[in-house]
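Q: Protein chains in written order, with full-length UniProt numbering: chain A, 1 to 339; chain B, 1 to 339.
The following block contains the structure, expressed as structure tokens.
Protein chains: 2
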Amino acid sequence: MSNIRQVANMAGVSVATVSRALQQPERVSPKTRNKVMLAVNEVGYKPNLMAVKFRSGKTHNLVALVPTVANVFFARVISGMQIAAAERGYSILLANTLGDASIEANYAKMVQTSQADGLIQLRAHNPFDESINKPNELLPMVNVCEVMHDINCPVVTLDNRAAAKAMTMHLIAQGHRRIALIKGPQSSPLTRDRLAGYRDALTEAGLKFDESLLYPGDFTLQSGHDAATKIIASEHRPTAVFCENDETAIGAMQCFKQAGLNIPQDVSIAGFDDISFSAFCDPPLTTIAQPAEEFGQSAVSLLIDLLEGKITKAPKVIMPFELVVRASTGPAPSAQTTS
Amino acid sequence: MSNIRQVANMAGVSVATVSRALQQPERVSPKTRNKVMLAVNEVGYKPNLMAVKFRSGKTHNLVALVPTVANVFFARVISGMQIAAAERGYSILLANTLGDASIEANYAKMVQTSQADGLIQLRAHNPFDESINKPNELLPMVNVCEVMHDINCPVVTLDNRAAAKAMTMHLIAQGHRRIALIKGPQSSPLTRDRLAGYRDALTEAGLKFDESLLYPGDFTLQSGHDAATKIIASEHRPTAVFCENDETAIGAMQCFKQAGLNIPQDVSIAGFDDISFSAFCDPPLTTIAQPAEEFGQSAVSLLIDLLEGKITKAPKVIMPFELVVRASTGPAPSAQTTS
DNA sequence: CGTTAAAATGTAACGGGTTTCATTTGGTCA
DNA sequence: TGACCAAATGAAACCCGTTACATTTTAACG
């Protein structure tokens, strides 16, 4: 592997001149610039960017802590991060953390050991240890999707409560009075917020909140299937099921259909996220569309601004959502109770 | 940010001693070791790993060129890469290339500029420029999933031809005589290999290959849906449809169902990949299971072996596949022709 | 107590760029 | 031709660990 000194040698100039010829060509005379370029080609010189990064103290790497890349929604967010990072000359170091705090802490150390400039966290958890937490300084981090309320860094999220409320209102407007909710992981703030939105809608419509209509889930296809099995077996079956994400909804939908129920005639199903598969279910899934790629882009963009000192306050960015009504939701079977 | 010299200063020892106390504790006396550790904690010293990497010339970074992280199958492969890399102290730099050769070339340069030690390519294309191609030396790369035949590096793949043949034979065994094939992108070797396997099975069963049963696709849900629309409109409708991946199959399945066709009574559908959604279709999708995570793990493992000089020949690893028969395939509607 | 080997520690080079500061070169104008 | 300024170039420091080699300390043994 050739280095700058070999080039300088071959061109008969100093290393400083070679460096300048490559970085600020206008600072060297055309004649020398030419000599240098010839030498560069001659020895096939490629600058060691590791040396540059070491010297400059900037790695232009960003660590992304993703609970699981196999989640379709996260995949879209990652894709957005990728695009925004590439645009500004940064790379994404992807970490599949499985939501494990110690794995996260390990990757977070990359920032403290100068292997990365900043970090993007997709989970509501601070991965840094105390040593980095300085009272009146922003963390080199952006928290996106599932966010913390009291964290000292920019945040990009969605008004999950409002979105869940909008979806629940949609179901209520269709005449549904008994609406089941299949929840996400207990620990996730998303679960809490979406549940709150669901309750908001019920309250606003004057419906009673019924604890027995809540079913546990964990955002996986299987958990949706499992919850649906329980719903089918329940005594007073709900006429609509709101799932806290699309995977859960798709898993539930399969279960209902295989049990001989028609959607939406017998039961309406709604999801959250609008992953690509949702438009290709039978029937297509009513859901909340989130700008997943924009989440990623916005997070990266904010993080780079922060790292480059372009922002000093931590903004809280709320992305827009959209209620996407498809064929999986329809009027309640028989308007049993009008009140 | 503190450095080793500050620690040395505070502990009243030389930098060499500090380095040794941290790297090979047994080489320093317990007394000094103690002094050093105290100083380390005092100043909150975290070694600059960028300096270490620069000095050692090893970055312990691997670039992964992925056509699109939003593809569920690739997401599983990435997950596997992640796991294997973390185990051996490497990081994955993820690149979403959209299958664009120039984007790939850009990322490949990271290897030549010492920002990464090696590269994993998921597409049948050599991303390196000529300058790195040395006649009798392996490229610092592993080609996985969709592979090149004549590439000078380890390869991890699946016998796509045999798998496609197995699936087609399964359909033939169910009495199907007119089997449509929805293909992948024209440019992909996968498309070619799977088509070849399809033909192999027809030939072996004494069935005539019919060009008009081939439908174009590009591995997306939409393309499966589009192809199914054409199939429904066709004159002599096939009784089975083999899709070159699961997304295509799921897209096609929706189209058939919305057209009022029953699966598998009216038409059988088969896919390829066994993504998580396939088990949660209605009916569940018959498909070829690929060990996606193992692809990623194996690729990373081979690449690291190669980089660390543990292998000098380029092995070709063929991973096993499994025919997963679910409810989306069944006997042909009416055994029209027995021969 | 003196000798000697082993253990502990220190000094300084090294890696490959960038950049500051000093020096040389070139050109302009009187 | 000489003075002077700008442009071009060079020398060397710097970033921060690791490590080869040199030196000092410690311990053991006669």
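Ideal Cβ positions, reconstructed from N, Cα and C, are used throughout, including at glycine.
Roughly how many angstroms separate the alpha carbons of Leu306 (chain B) and Ala327 (chain A), rounded to a whole number?
A: Against the second sequence, residue 306 (chain B) aligns to sequence position 306. Against the first sequence, residue 327 (chain A) aligns to sequence position 327. Taking the straight line joining both Cα atoms gives about 53 Å.
Q: If contact means a Cβ-Cβ distance below 7 Å, which residues of the UniProt domain "HTH lacI-type" (2-56) of chain B contact chain A?
A: Under the 7 Å Cβ criterion, the UniProt domain "HTH lacI-type" (2-56) of chain B contributes Gly44, Lys46, Pro47, Asn48, Leu49, Met50, Ala51, Lys53 and Phe54.
Q: Rounded to whole angstroms, what's the CA-CA distance from Asn96 (chain A) to Leu93 (chain B)? Just pull it up for me.
A: Translated into positions along the first sequence, residue 96 (chain A) becomes position 96. Translated into positions along the second sequence, residue 93 (chain B) becomes position 93. So the two alpha carbons sit approximately 12 Å from each other.
Q: At the level of alpha carbons, what is the spacing between Pro30 (chain B) and Glu247 (chain A)?
A: Position 30 of the second sequence, counting from 1, holds the residue named residue 30 (chain B). Position 247 of the first sequence, counting from 1, holds the residue named residue 247 (chain A). Cα to Cα, the separation comes out at about 56 Å.
Q: Starting from Leu207 (chain B) and walking both ways along the beta strand (DSSP E), at which residues does that stretch end?
A: Residue numbering aside, residue 207 (chain B) sits at position 207 when the second sequence is read from its first letter. Premise fails: Leu207 (chain B) is in no beta strand (DSSP E) and is neither H nor E.
Q: Who are the Cβ neighbours of Val152 (chain B) in its own chain at under 7 Å, not counting the five residues just before and after it?
A: To locate residue 152 (chain B), count along the second sequence from 1; it is residue 152. Looking at the sequence shown, residue 152 (chain B) is not Val but Asn. Taken in chain order, the residues that qualify are Leu138, Leu139 and Ala314.
Q: Are the Cβ atoms of residue 343 (chain B) and His236 (chain B) separated by less than 8 Å?
A: What is shown of chain B runs 1 to 339, which leaves residue 343 (chain B) out entirely.
Q: Figure out for me which residue from B:Ser223, B:Leu261 and B:Cys281 has the closest Cα to the Cα of Gln186 (chain B).
A: Taking the second sequence and counting its residues from 1, one reaches residue 186 (chain B) at position 186. Measuring from the Cα of Gln186 (chain B), the nearest candidate turns out to be B:Ser223.
Q: Where does Met148 (chain A) sit, in a helix, a strand or coil, going by DSSP?
A: Numbered from its first residue, the first sequence carries residue 148 (chain A) at position 148. Coil.
Q: Against chain B, with Cβ distances strictly below 8 Å, would Val325 (chain A) count as a contact?
A: Counting from one through the first sequence, the residue named residue 325 (chain A) turns up at place 325. It does not; no Cβ of chain B falls within 8 Å.
Q: Excluding the 5 residues preceding and the 5 following Ala116 (chain B) in the sequence, name in chain order all residues of the same chain whose CB lies nearer than 7 Å to its CB.
A: In the second sequence, counting from the first residue as 1, residue 116 (chain B) sits at position 116. Excluding positions up to five away in sequence, the list reads Thr59, Asn61, Leu62, Val63, Leu93 and Met110.
Q: Hey, is the segment 215-235 of chain B in contact with the segment 238-256 of chain A, meaning 3+ C-beta pairs nearer than 8 Å?
A: With the cut-off at 8 Å, the segment 215-235 of chain B and the segment 238-256 of chain A do not touch.
Q: May I have the straight-line CA-CA distance separating Thr286 (chain B) from Pro127 (chain B), to the nearest angstrom?
A: Translated into the one-based positions of the second sequence, residue 286 (chain B) becomes position 286. Translated into the one-based positions of the second sequence, residue 127 (chain B) becomes position 127. If I take the Cα positions, the gap works out to 35 Å.
Q: Among A:Ile263, A:Glu322 and A:Ile304, which one has its Cα closest to the Cα of Pro331 (chain A)?
A: Sequence index remark: in the first sequence, residue 331 (chain A) carries index 331 (1-based). The shortest C-alpha separation from Pro331 (chain A) is found at A:Ile263.
Q: With a threshold of 16 other CB atoms inside 10 Å of the CB of Met1 (chain A), please say whether the residue is buried or exposed.
A: What you label residue 1 (chain A) is simply residue 1 of the first sequence in a count that begins at 1. That one is exposed.
Q: Is it true that the segment 49-58 of chain B meets the segment 46-60 of chain A, where meeting means three or more beta-carbon pairs spaced less than 8 Å apart?
A: Output reads yes: the segment 46-60 of chain A touches the segment 49-58 of chain B.
Q: List, in order along the chain, the chain B residues whose C-beta lies closer than 8 Å to that of Asn123 (chain A)?
A: In the first sequence, the residue the question calls residue 123 (chain A) occupies position 123. Residue 123 (chain A) is actually Arg in this sequence, not Asn. In chain order: nothing, as chain B lies at least about 16 Å away.
Q: Would you mind sorting Ile182 (chain B) into buried or exposed? The rule is 16 or more other CB atoms within 10 Å of its CB.
A: Numbered from its first residue, the second sequence carries residue 182 (chain B) at position 182. Ile182 (chain B) is buried by the Cβ-count criterion.
Q: Check the C-beta distance from Thr329 (chain A) over to Gln174 (chain A) and give it rounded, since I have them as a contact under 8 Å.
A: Locating residue 329 (chain A) in the first sequence gives position 329, counting from the first residue. Locating residue 174 (chain A) in the first sequence gives position 174, counting from the first residue. Right, their Cβ atoms sit about 6 Å apart.
Q: Could you check how far apart the C-beta atoms of Ala163 (chain B) and Phe321 (chain B) are, in whole angstroms? I think they sit under 8 Å.
A: Position 163 of the second sequence holds residue 163 (chain B). Position 321 of the second sequence holds residue 321 (chain B). Between Phe321 (chain B) and Ala163 (chain B) the Cβ distance is about 4 Å, and since that is below 8 Å, they are a contact.
Q: Could you tell me the alpha carbon to alpha carbon distance between Asn3 (chain A) and Met37 (chain A), rounded to whole angstroms?
A: Here the question's residue 3 (chain A) lines up with position 3 in the first sequence. Here the question's residue 37 (chain A) lines up with position 37 in the first sequence. Their Cα atoms are separated by approximately 14 Å.
Q: Within a Cβ cutoff of 6 Å, which residues of the same chain sit near Pro291 (chain B), ignoring the five residues on either side of it in sequence?
A: Counted from its first residue, the second sequence places residue 291 (chain B) at position 291. Only Met319 meet the Cβ criterion.
Q: Use the C-beta contact count for Gly271 (chain B): other C-beta atoms within 10 angstroms, 16 or more gives buried, fewer gives exposed.
A: Within the second sequence, the letter at position 271 stands for residue 271 (chain B). Under this definition Gly271 (chain B) is a buried residue.
Q: Would you check if the distance between the CB atom of Arg88 (chain A) and the CB atom of Ile288 (chain A) is smaller than 8 Å?
A: Counting from one through the first sequence, the residue named residue 88 (chain A) turns up at place 88. Counting from one through the first sequence, the residue named residue 288 (chain A) turns up at place 288. Not in contact: Arg88 (chain A) and Ile288 (chain A) (Cβ atoms no closer than 8 Å).
Q: Among B:Ala16, B:His125, B:Ser131 and B:Leu195, which residue has its Cα nearest to the Cα of Val144 (chain B)?
A: Start at 1 with the first residue of the second sequence, and residue 144 (chain B) comes out as number 144. The shortest C-alpha separation from Val144 (chain B) is found at B:His125.
Q: Is the Cβ of Asn96 (chain A) closer than 8 Å to any Cβ of chain B?
A: Translated into the one-based positions of the first sequence, residue 96 (chain A) becomes position 96. It does: the Cβ of Asn96 (chain A) has a partner Cβ on chain B nearer than 8 Å.
Q: Using the beta-carbon count (16 or more within 10 Å), is Gln336 (chain A) buried or exposed?
A: To locate residue 336 (chain A), count along the first sequence from 1; it is residue 336. For Gln336 (chain A), the pLDDT reaches just 47, beneath the cut-off of 50, and the residue's location in the model is therefore unreliable, although a value from the coordinates is still provided. Gln336 (chain A) comes out exposed.
Q: Give the DSSP-derived three-state secondary structure of Cys255 (chain B) in the structure shown.
A: Looking up residue 255 (chain B) in the second sequence gives position 255. Of the three classes helix, strand and coil, the one that applies to Cys255 (chain B) here is helix, per DSSP.
Q: Between A:Gly260, A:Asp282 and A:Leu221, which lies nearest to Gly260 (chain B) when the distance is taken from Cα to Cα?
A: Residue 260 (chain B) sits at position 260 when you count from the first residue of the second sequence. Per the Cα distances, A:Asp282.
Q: Between the segment 199-219 of chain B and chain A, which residues of the former have a C-beta closer than 9 Å to a C-beta of the latter?
A: Answer in chain order: no residues at all.
Q: How would you label His170 (chain A), buried or exposed, when you count the other beta carbons within 10 angstroms and need 16 or more for buried?
A: Walking along the first sequence from the start, residue 170 (chain A) turns up at place 170. Classification for His170 (chain A): buried.
Q: Could you give the C-beta distance for Ala75 (chain A) and Ala101 (chain B), rounded to a whole number, given that I count them as a contact under 8 Å?
A: In the first sequence, the residue the question calls residue 75 (chain A) occupies position 75. In the second sequence, the residue the question calls residue 101 (chain B) occupies position 101. The Cβ separation is near 23 Å, so there is no contact.
Q: Does the Cβ-Cβ distance between Thr113 (chain A) and Lys46 (chain B) come in under 8 Å?
A: Residue numbering aside, residue 113 (chain A) sits at position 113 when the first sequence is read from its first letter. Residue numbering aside, residue 46 (chain B) sits at position 46 when the second sequence is read from its first letter. Result yes, Cβ atoms of Thr113 (chain A) and Lys46 (chain B) sit closer than 8 Å.
Q: Any Cβ of chain B within less than 8 Å of the Cβ of Val69 (chain A)?
A: On the first sequence, position 69 is the one that residue 69 (chain A) refers to. Yes, because at least one Cβ of chain B sits closer than 8 Å to the Cβ of Val69 (chain A).
Q: By the 8 Å beta-carbon criterion, what residues does the segment 256-269 of chain B contribute toward chain A?
A: Correct list: Lys257 and Gln258.
Q: Go ahead and pull the three-state DSSP assignment for Thr113 (chain A).
A: Taking the first sequence and counting its residues from 1, the one referred to as residue 113 (chain A) is at position 113. Reduced to three states, the DSSP call for Thr113 (chain A) is coil.
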